[in-house]
Amino acid sequence: MTHMDQTFMRGAMKAELLDAETETALAIAWRDDRDERALHRLITAYMRLAISMASKFRRYGVPMNDLVQEAGLGLMKAADKFDPDRGVRFSTYAVWWIKASIQDHVMRNWSLVRTGSTSAQKSLFFNLKRVEAQILRESGEPLDSHQLTEKIATEIGVSVRDVEMMQGRLSGGDYSLNAQQGGDEDGREWIDVLEDDTMQGSEQVDEARDSAVLKSWLEEAMEDLNDREKLIVRQRRLSEKGRTLEMIGQDLGISKERVRQLEVAALAKMRTKLERHGAEVRALIA
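Here the sequence shown stands for residues 1 to 286, where the numbers follow UniProt numbering.
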């Protein structure tokens, strides 16, 4: 990483924290008047969020400065499409655009992966480790590697071969946040440029409000689902510890493949309804 990159990241960590009123005023100034100074101030204030999100993708072997650049592009897209009249904080809205931008870049450029053409492949790439850990945690008996692979394939909705190939590609280790940044005379570590996760009181209030808004959108999107579809979505996607297809199938007296089909249909209905709040909100149930 160059000295210029390091200076940029350190500056982002020191940027102002915007209150809700100032943020709304800046967003309106950019939307209505194309005020570039307002846009710059809004983007600068939330670059720490972009950098923090970029750091979560470091394990995929992409240079940190590339991840930060893509996160910044996602932040710019969010600022350009953000509607302050929706009643949601810009940070909540921007998360979806930043994440999508980083994921697309990782899928396009990671040297070992060229599988970004379908949503199933993308889901496998970014969810394999999480699903594997969940299955191992919930399994009531030891699983050999083949059994585990089969369960992962069923859970994500891909072939066993796809899972095996991705397991090999993701077998590399994570990068350490305590590694020193190249060329940094002060010996500064990567962890020094990450966002402080400790929220101020006003930020906690804003986050609680945003969570309430998002929850209401999800509940609205579930109105057209029948009771069985609602149960599946809640247990699979909206509970803190999502249950497996097999477990839900046993409760309902149907096959795990039928549960998967019902889940796919239910999520399709919800995504269509969520689009009225902005297409990017569909990421809530991606």
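Ideal placement from N, C-alpha and C gives every residue a C-beta, glycine not left out.
Once the 5 residues before and after residue i are set aside, which same chain residues still bring their CB inside 7 Å of it?
i    : result
K230 : M222
A94  : Y46, L49, L75 and A78
I43  : L75, M76 and A79
M57  : In the sequence on display, residue 57 carries Phe and not Met. L67, I102 and V106.
I232 : I248, V259, L262, E263 and A266
R34  : none
R243 : Q235 and R236
State buried or exposed for residue i, treating a residue as buried only when at least 16 other CB atoms are found within 10 Å of its CB.
i    : result
V264 : exposed
T272 : exposed
E23  : buried
P142 : exposed
G249 : buried
H105 : buried
R260 : buried
L17  : exposed
R86  : exposed
E155 : buried
R41  : buried
A54  : buried
A38  : buried
D162 : buried
E257 : exposed
K215 : exposed
For the alpha helix (DSSP H) containing residue i, name the first residue and the last one.
i    : result
T154 : S145 to I156
K81  : M64 to K81
K230 : D227 to V233
M247 : L245 to L252
L262 : K256 to L274
L26  : A20 to D33
S239 : S239 -> no alpha helix (DSSP H), and no H or E assigned at all.
L39  : E36 to A45
Near residue i, what residues of its chain come up, given a Cβ to Cβ distance below 6 Å and the 5 sequence neighbours on each side ignored?
i    : result
E195 : With a pLDDT of 46 at E195, under the threshold of 50, the modelled position of this residue cannot be trusted; read the value that follows with caution. R48 and S52, listed in sequence order.
R114 : Low confidence applies to R114: its pLDDT is 48, below 50, so where it sits in the model is not reliable, and the reading given next is rough at best. If we look at R114 and ignore the five residues flanking it on each side, it has no Cβ neighbours.
E36  : none
L26  : A38, R41 and L42
L73  : S101
Q134 : none
D224 : K269
N226 : none
How about residue i and residue j: are their beta carbons less than 8 Å apart?
i    : j    : result
L124 : M166 : yes
I98  : A71  : yes
I152 : L128 : yes
E164 : T149 : yes
L252 : R228 : yes
Spatial neighbours of residue i within its chain, please: CB distance less than 8 Å, with the 5 preceding and 5 following residues excluded, ordered by chain position.
i    : result
R31  : F82, D83 and P84
S159 : A153
F126 : Q103
E132 : L148 and I152
S255 : G249
S239 : none
Between residue i and chain D, is any beta-carbon pair separated by less than 8 Å?
i   : result
M76 : Any reference to chain D falls outside this structure, which holds one protein chain only.
Say the cut is 7 Å; is the CB of residue i nearer than that to a heavy atom of the ligand SAM?
i    : result
D104 : Questions concerning the ligand SAM fall outside what the structure shown contains, since it holds no ligand whatsoever.
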